[in-house]
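In this text, residue positions in the sequence shown follow UniProt numbering: the first is 1, and each later residue adds one. Even for Gly, the Cβ is constructed at its ideal location relative to N, Cα and C. Quick caveat, the model's predicted, so the values are computed rather than measured.
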Amino acid sequence: MAQGDVGAGPRRVPWIKRLFMSPSSRKRLAEAAAAGARRTVYVNVGLPSSALDGHGRAPQYPANQIRTAKYTVLSFVPKNLFEQFRRAANMYFLFLLILQFIPAVTTGSPGLSALALFTIVLLTMAKDGYEDSRRSASDREANRAPTTVLGNGWANTNKPPAHFFRPRGMLRLLWSDSGAGGTVGGAGVDAVPEITYSNDVDIGTDSGAWLQTEWRHLHVGDIVMLRDGDAVPADILLLSTSEDDG
């Protein structure tokens with residue numbers, strides 16, 4: 001069963017503060033958040049009122065996606081320029097270029113200096129864009145890897161409706177490829193349903209109760225079937241095994 005780590009939840013750092021944090025600080029923050037997330041998973045029962053938010057919806061858990069790419073279509077240019085001019089060397093040459101546009105300070109042509117700086121920035125941007133596109137392709141391959149979940153006739157009440165995650169309009173260009181839409185076994189749209197699941201239902205490995213889906217579509221509380229040699233798609237709690245020693 002897909003689940004998560006248990007611990008005390010840390011306080012969230014404001015996004016504007018995270019923007020200026022060093023990569024090592026961001027990594028420590030992410031590790032602390034992962035280690036401190038407390039999750040209570042409900043199986044075959046409706047969520048109690050204490051588990052719902054103020055709007056009567058199930059808790060919101062992160063999507064089960066891998067995202068190592070740094071940019072999106074709209075954020076690439078401003079974010080890449082910001083990262084390039086955070087470097088001391090680029091800031092120094094930009095400062096010299098600005099001084100050359102002041103006639104009282106310089107007698108040279110600022111055009112040549114501007115052309116050199118812009119060429120370096122554009123070449124670096126092209127290199128970063130190519131590397132990030134390779135990371136995005138690797139992310140898509142991992143996120144779309146197949147896995148098998150229990151979903152036909154069984155609902156995962158720990159999961160909000162699929163449309164809750166789906167970006168709309170221009171937000172699709174800013175959103176990462178989470179693939180939250182199309183998940184199986186989701187809760188109802190406006191309310192968490194009462195679960196009635198008979199013990200007589202066949203959930204054998206060859207039954208029709210198991211559905212093929214993708215790694216990115218997994219959610220906390222999904223029941224996953226792994227066969228010999230399968231890669232583990234998420235943090236998993238072992239419920240049952242076919243091995244004789246258990």
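Cβ contact annotation for F85 (same chain, cutoff 7 Å, sequence separation greater than five): M91 and L94, in chain order. The shortest CA-to-CA distance from S136 to any of W154, L150 and Q65 is the one to Q65. Taken through DSSP and simplified to helix, strand or coil, L96 comes out as helix.
Within the DSSP secondary-structure output, W210 pairs in a beta bridge with L150.
Beta-bridge annotation (DSSP): V220 is not paired with any residue.
DSSP places I236 within a strand segment (E or B) once states are collapsed to three. For E141, the enclosing alpha helix (DSSP H) has its first and last residue at P110 to N143. Taking the CA atoms as reference points, D53 sits about 7 Å from P59. Restricting attention to V105, A51, S109 and T124, the CA atom closest to the CA of F82 is found in T124.
Distance from the Cα of N143 is smallest, within the candidate group A234, E131 and S75, for A234. M225 is bridged by DSSP to T148. The beta carbon of A69 sits closer than 7 Å to the beta carbons of D132, R135, S136 and D139 from its chain, once the five residues preceding and following it are set aside; these are given in chain order. With contacts defined by Cβ atoms closer than 7 Å, L96 and A114 do not form a contacting pair.
Within the region 39-105, complete alpha helix (DSSP H) segments of at least 4 residues are found at 76-84 and 88-100, given in chain order. Distance between W154 and M225, taken at the CA atoms: about 14 Å. For V149, the number of other beta carbons within 10 angstroms of its own is at least 16, and it is reported as buried. A distance below 8 Å between beta-carbons, with the five flanking residues on each side excluded, links V121 to the following residues of its chain, in chain order: L81, Q84 and N90. Nearest in C-alpha terms to Q212, of all of D230, P146, T241 and E243, is P146. One thing to note: V41 has its Cβ within 7 Å of the Cβ of N158.
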